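Trainee: Encoded as structure tokens, here's the structure I'll be asking about.
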Amino acid sequence: MSFSLKLTALTFLAVLIPVYWRHYGPGNFLWLSDLGLACTVAAFVLESPLLASMAAVGILALELAWTADFIAGGRLLGLAGYMFDACYPLYLRLLSLFHLAIPPAVLLMLWQWGYDARALPLQVLLTWAAFAGAYLLTEPAKNINWVFGWGTEPQAVMPALAWFGVMCVGVPVLVMLPTHFLLSWGFPAAGR
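The sequence shown begins at 76 in this note's numbering and counts up by one.
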């Protein structure tokens, strides 16, 4: 990877972090997609198959869903609806286009370096830490990582802690494990 591309990726992150911090607050960095962006940039800069694999197993499916929703104008899943809401400043929406870049960047790194199966347990631990941080440190109204309910609103069907448990089991089993199997099948094992 060229030095100029690495510098560009780091510069983007250096711009995004203070802008998001000021507008959304520090809790926003608990979103899996924001953690995945940091992991993707770190993988790119350090040329780390493990970090690229963690980003892939952790957020590739989620970013592909965001991309599909963006292409549908934010009406398919509601994930990218804010991109079409003029209430959000244009510069914030432009920064959020990183969601479109992550899938090809991660897949390109896996194609070059292979998939490191150690990523699954490490990404599950990182996800649980992000979920715990969002549950304990953020407001339910923000519903970061949907730890308080599906979508933008906290749920009222079950106790909040039960929902949190559902997310801690459901996301690894229903999203990360199938992604891990697909990546293990579709890419060679990374050399360590």
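Ideal placement from N, C-alpha and C gives every residue a C-beta, glycine not left out.
Here the structure is a predicted model, which is why all the values come from computation and not from measurement.
#1: Applying the criterion that 16 or more other CB atoms from any shown protein chain within 10 Å of the CB defines a buried residue, is D109 buried or exposed?
#2: Which residues in the same chain have their Cβ closer than 7 Å to the Cβ of G189, if we skip the five residues on either side of it in sequence?
#3: Could you check what DSSP says for A216 in three-state terms: helix, strand or coil?
#4: Can T213 and L105 be called in contact, C-beta distance under 9 Å?
#5: Using the C-alpha atoms, what's the distance from V181 back to L152?
#6: In terms of residues, what are the limits of the alpha helix (DSSP H) holding M129?
#7: Give the range of the alpha helix (DSSP H) segment to which Q187 is assigned.
#8: In whole angstroms, what separates the C-alpha of W96 from that of A140?
#9: If we ignore side chains and look at the alpha-carbon of each, how far apart do F204 and S77 end up?
Mentor: From the atom records:
#1: buried
#2: In its chain, beyond the 5 residues on either side, P124, F262, P263, A264, A265, G266 have a beta carbon closer than 7 Å to the beta carbon of G189.
#3: coil
#4: yes
#5: 23 Å
#6: 124 to 146
#7: 173 to 188
#8: 25 Å
#9: Just to set this straight, residue 204 is Ala in the shown sequence, not Phe. Going from the Cα of A204 to the Cα of S77 covers about 33 Å.
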